[in-house]
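In the numbering used here, the protein residues as written are 5 to 123.
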């Protein structure tokens, strides 16, 4: 059963807290600063989430292309591995360049443009 005596102290404390004046004062622009900080955090999280979505889509396209090459064109794993081994620096460089350009476009550029427009 519900025990009313157990919650009496909590209810009394909440009633006191809501009816009394606070012992501190906030600055005039407190809400503006808080909103600005929250907007920056949500913008940064949204930009990173969008970057990860684009990155996963590119990875998915690469996986689907590889599976199609194996199924339709009877590609051999040995041929692919020898190509990747002989051109490892080129393959890694192209992948890093694509990830950097995507990150700069989807995250950094948009974040700095947002920051410049808010100032």
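For every residue, glycine included, the Cβ atom is placed at its ideal position computed from N, Cα and C.
What does the alpha-carbon distance come out to for the pair residue 5 and residue 19?
On the chain shown, residue 5 is found 1 positions in, with the first residue counted as 1. On the chain shown, residue 19 is found 15 positions in, with the first residue counted as 1. With a pLDDT of only 46 at residue 5, under the threshold of 50, the placement of this residue in the model should not be trusted; the figure read from the coordinates follows. Between residue 5 and residue 19, the C-alpha separation is close to 24 angstroms.
Quick one: what does DSSP say residue 5 is sitting in, helix, strand or coil?
Walking along the chain shown from the start, residue 5 turns up at place 1. Annotation note: pLDDT 46 at residue 5 (below 50); position unreliable, coordinate value reported separately. Coil at residue 5, not helix or strand.
Please give the ranges of any alpha helix (DSSP H) in the segment 33 to 93, keeping only runs that are unbroken, at least 4 residues long and fully inside the region.
Complete alpha helix (DSSP H) runs here, min 4: 34 to 76 and 81 to 90.
Assign residue 87 to buried or exposed, taking buried as 16 or more other Cβ atoms, counted over all protein chains shown, within 10 Å of its Cβ.
Position 83 of the chain shown holds residue 87. Classification for residue 87: exposed.
Do residue 119 and residue 55 have their beta-carbon atoms positioned less than 8 angstroms apart in this structure?
Here residue 55 corresponds to residue number 51 of the chain shown, with the count starting at 1. Here residue 119 corresponds to residue number 115 of the chain shown, with the count starting at 1. Taking 8 angstroms as the Cβ cut-off, residue 55 and residue 119 do not qualify as a contacting pair.
Does the separation of the CB atoms of residue 115 and residue 51 fall below 8 angstroms?
Taking the chain shown and counting its residues from 1, one reaches residue 115 at position 111. Taking the chain shown and counting its residues from 1, one reaches residue 51 at position 47. Yes, the pair counts as a contact, with Cβ atoms nearer than the cut-off.
With residue 122 as the anchor, note down where its alpha helix (DSSP H) starts and where it stops.
Position 118 of the chain shown holds residue 122. 113 to 122 is the extent of the alpha helix (DSSP H) around residue 122.
Give me the Cα-Cα distance between residue 45 and residue 37, rounded to the nearest whole angstrom.
Counting from one through the chain shown, the residue named residue 45 turns up at place 41. Counting from one through the chain shown, the residue named residue 37 turns up at place 33. Those two C-alpha atoms are separated by around 12 angstroms.
Looking at residue 122: is its Cβ nearer than 8 angstroms to the Cβ of residue 40?
To locate residue 122, count along the chain shown from 1; it is residue 118. To locate residue 40, count along the chain shown from 1; it is residue 36. The answer is yes: Cβ separation under 8 angstroms.
Nearest-angstrom Cα distance between residue 16 and residue 25?
Position 12 of the chain shown, counted from the start, is the residue given in the question as residue 16. Position 21 of the chain shown, counted from the start, is the residue given in the question as residue 25. Using only the alpha carbons, I get a separation of about 16 angstroms.
Using the rule of at least 16 other Cβ atoms within 10 Å of the residue's Cβ for burial, across every protein chain shown, is residue 108 buried or exposed?
As a working note, residue 108 is residue 104 in the chain shown. Burial call: exposed.
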